[in-house]
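K.L.:
Residue numbers (numbering that gives the first Met the number 0): 0 to 145.
Note that the Cβ used here is the ideal one computed from N, Cα and C, for glycine as well.
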Amino acid sequence: MAGAVDLSQSDMEQRFTARRVKDTFCDNGSNVVGQRIYTAISSARRMADAILMAAWTPEQIEILMAEDDAVRSATLDLAMSEGMVGRMEWEVSGGPRETLRKGAIDTLKMLAQGQLRSIGEVNGAGKNPHLRRASVRTERTPHTYV
Numbered sequence: 000m001a002g003a004v005d006l007s008q009s010d011m012e013q014r015f016t017a018r019r020v021k022d023t024f025c026d027n028g029s030n031v032v033g034q035r036i037y038t039a040i041s042s043a044r045r046m047a048d049a050i051l052m053a054a055w056t057p058e059q060i061e062i063l064m065a066e067d068d069a070v071r072s073a074t075l076d077l078a079m080s081e082g083m084v085g086r087m088e089w090e091v092s093g094g095p096r097e098t099l100r101k102g103a104i105d106t107l108k109m110l111a112q113g114q115l116r117s118i119g120e121v122n123g124a125g126k127n128p129h130l131r132r133a134s135v136r137t138e139r140t141p142h143t144y145v
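This is the structure:
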C-alpha cells in the first residue's frame, strides 16, 4: 500500500547513518547499497500499514507517515531489521535485529491501539477510534444500611 509518502535510502541514512546503511545493505563488497534496501523498505512499509490499519484508513496512514516522526522511525527500524535478515552477527536471540524489530512493532501497535497518541491525529489523520472516551463520573448515591 506504499503511497504518496515513500521512504528512501536517504531517510534510512538520516535515521541510521550512511555507514550503517552501507554495512547492512551492501552485499558484494562494492561499498554501494544494493537493491535489497528497496525491498526492505517496501516490506517494512507494508508491515507498518497493516498494523496501523487497525485504527486508520489508507489515506489517514499517509498523513501519519508524513506527519509523525514516530511512525516513520518505526517503519525505518522495520526496514533496517529486514536488511539484517541472514546476517548471522545480527540474528542472535536478543540481538540488534530482534530488538529493533520488536521495538518498531510495539511502537506501531501502541499507536494503533491508542496507547500512544500520534501527532498525525491533530495534523489531519483524525482521532484514533480506539481511544477510550472520557468516562463521565456520576455522583454515587450513598448506601443505606438497614
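1. How should L6 be labelled, buried or exposed, when 16 other C-beta atoms within 10 angstroms of its C-beta is the threshold for buried?
2. In whole angstroms, what separates the C-alpha of S42 from that of R116?
3. According to DSSP, simplified to helix, strand and coil, what is S7?
4. So R18 is in the alpha helix (DSSP H); what residue range does that whole segment cover?
5. Run through DSSP, which three-state label would T67 get?
6. Note down, in chain order, each residue of its chain lying with its Cβ closer than 8 Å to the Cβ of V32, except the 5 sequence neighbours on either side.
7. Over the uninterrupted alpha helix (DSSP H) stretch that includes G102, give me the two end residues.
8. Please list the terminal residues of the continuous alpha helix (DSSP H) segment that includes R45.
9. Could you check what DSSP says for S92 in three-state terms: helix, strand or coil?
10. Report yes if the CB atom of I50 is closer than 8 Å to the CB atom of L107, and no otherwise.
11. Apply the 10 Å Cβ neighbour rule to R18 and answer buried if 16 or more other Cβ atoms are within range, or exposed otherwise.
12. Can you name, in chain order, every residue of its own chain whose Cβ lies under 8 Å from the Cβ of A69, other than the five neighbours on each side?
13. Check Q59 in the structure and name its three-state DSSP category.
P.N.:
Looking at the coordinates:
1. Position 7 of the sequence shown, counted from the first residue, corresponds to residue 6. Buried, since its Cβ has 16 or more Cβ neighbours within 10 Å.
2. Looking up residue 42 in the sequence shown gives position 43. Looking up residue 116 in the sequence shown gives position 117. About 24 Å.
3. For the purposes of this step, residue 7 is identified with residue 8 of the sequence shown, where counting begins at 1. S7 falls in the coil class under three-state DSSP.
4. The count along the sequence shown starts at 1 and reaches residue 18 at position 19. Start and end: 17 to 24.
5. Sequence index remark: in the sequence shown, residue 67 carries index 68 (1-based). Strictly speaking, residue 67 in this sequence is Asp, with Thr absent from that position. Reduced to three states, the DSSP call for D67 is coil.
6. Indexing the sequence shown from 1 puts residue 32 at position 33. Q8, V20, K21, F24, C25.
7. Residue numbering aside, residue 102 sits at position 103 when the sequence shown is read from its first letter. It spans 95 to 111 - the alpha helix (DSSP H) in which G102 sits, taken as one unbroken run.
8. As a working mapping, residue 45 is identified with position 46 in the sequence shown. Here the alpha helix (DSSP H) through R45 covers 35 to 51.
9. Along the sequence shown, read from residue 1 onward, the residue named residue 92 stands at position 93. Reduced to three states, the DSSP call for S92 is coil.
10. Residue 50 sits at position 51 when you count from the first residue of the sequence shown. Residue 107 sits at position 108 when you count from the first residue of the sequence shown. Closer than 8 Å, so yes.
11. Counted from its first residue, the sequence shown places residue 18 at position 19. Looking at its Cβ environment, which holds fewer than 16 other Cβ atoms inside 10 Å, R18 is exposed.
12. Here the question's residue 69 lines up with position 70 in the sequence shown. T106, L110, L115, S117, I118, listed in sequence order.
13. In the sequence shown, residue 59 corresponds to position 60, counting from 1. Helix.
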